[in-house]
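Peer 1:
In full-length UniProt numbering, the protein residues as written are 1 to 73.
Listed below in structure tokens is the structure:
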């Protein structure tokens with residue numbers, strides 16, 4: 001979903017003076033992929049729990065709220 005070029009673009013948007021090495025890039029890309037997979041998986045489980053075959057914004061929002069709570073504690 002996120003490729004190396006887009007990652008570098010995001011980093012430059014935050015701070016144009018920051019550079020990353022290959023290992024850091026790979027770690028950030030892996031974390032981004034895992035995060036997206038987790039959010040999608042949790043969101044789909046929530047939709048299924050509602051007995052729906054349609055993934056809705058509220059499912060994703062709820063999943064993201066849970067992840068935010070998890071990371072803040």
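Ideal Cβ positions, reconstructed from N, Cα and C, are used throughout, including at glycine.
Since the model is a prediction, treat every value here as computed from it, not as a measurement.
Pick out whichever of 11, 38, 4 has its Cα sitting closest to the Cα of residue 66.
Peer 2: Comparing Cα-Cα distances from residue 66 to each of 11, 38, 4, the minimum goes to 38.
Peer 1: I need the boundaries of the alpha helix (DSSP H) containing residue 33, first residue and last residue.
Peer 2: Where residue 33 is concerned, the enclosing alpha helix (DSSP H) stretches over 22-49.
Peer 1: When the Cα atoms are used, what is the spatial distance from residue 57 to residue 40?
Peer 2: Those two C-alpha atoms are separated by around 11 Å.
Peer 1: Can you tell me whether residue 63 is buried or exposed? The criterion is at least 16 other CB atoms within 10 Å of its CB, across all chains shown.
Peer 2: Buried.
Peer 1: From this set, 19, 13, 44, 1, which residue's C-alpha is nearest residue 61's C-alpha?
Peer 2: Checking every option, the nearest Cα to that of residue 61 belongs to 44.
Peer 1: Am I right that residue 51 and residue 25 are in contact with their C-beta atoms under 8 Å? What's the rounded C-beta distance?
Peer 2: Not a contact, Cβ separation roughly 41 Å.
Peer 1: Can you tell me whether residue 54 is helix, strand or coil according to DSSP?
Peer 2: The answer is coil: DSSP assigns residue 54 none of H, G, I, E or B.
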